[in-house]
Each structure stands twice: as structure tokens, then as C-alpha cells.
Amino acid sequence: DVSCTNFVLARLSSQEEAEACDAYLKSQGLIIRLVASYNLPNCLRITVGDEASCRRVVHAIRQFKDGDADGTSV
């Protein structure tokens, strides 16, 4: 069976981290979706867009995960 979607599901370490990442991405103008209501409390649904949009999302998630969400090194 073949399945096609226009999104990826990102699994974070906890619901708290997923919520914090969601808040950070929103502060950067990126709208993603928490999917706790689908019994996936530590996951984010990220719609796949054009290459530039995908790179922007990846960069913002890296900043969040590296603890550099405020733009300063830790």
C-alpha cells in the first residue's frame, strides 16, 4: 500500500517540549499544529511547503533544540 501526505509528524521528547516548540515556532511566524487531540501529545504536525519554507522550519527547530531560541549562544 502506498500513502501520500503533505505533512510530516515530528516527535519530541515530551508534551511540554512539543508545546514549547509550538510556541517558539509561532513566535517566529510559523504555524504548525499540536496533535495531542489525536493521542500524540509529544508530536507536531508540520505541513510540507516549498523548499524555502521547509528550510525556514528546519532552521527554527534547530534553534529551539539547540537552546538558541533567543538568538544567543548557550
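In terms of the working numbering, the sequence shown opens at residue 175 and continues consecutively.
Here a beta-carbon is modelled for each residue, glycine too, at the ideal position from N, C-alpha and C.
All figures in this text were calculated on a predicted structure; none of them were measured in a lab.
Proximal residues to isoleucine 206 (C-beta, below 7 Å), its chain only, five neighbours per side dropped: Asp196, Leu199, Leu218, Arg219 and Ile220
What residue ranges within the region 177 to 212 form continuous beta strand (DSSP E) runs of no fewer than 3 residues, ordered along the chain? 181 to 185
Please go through the region 214 to 238 and give each complete alpha helix (DSSP H) segment of 4 or more residues, from N-terminal end onward. none
Would you say leucine 204 and glutamate 193 are within 8 Å of each other, going by their C-beta atoms? no
Check aspartate 175 in the structure and name its three-state DSSP category. Per DSSP, reduced to three states, the secondary structure at aspartate 175 is coil, with no helix or strand assignment.
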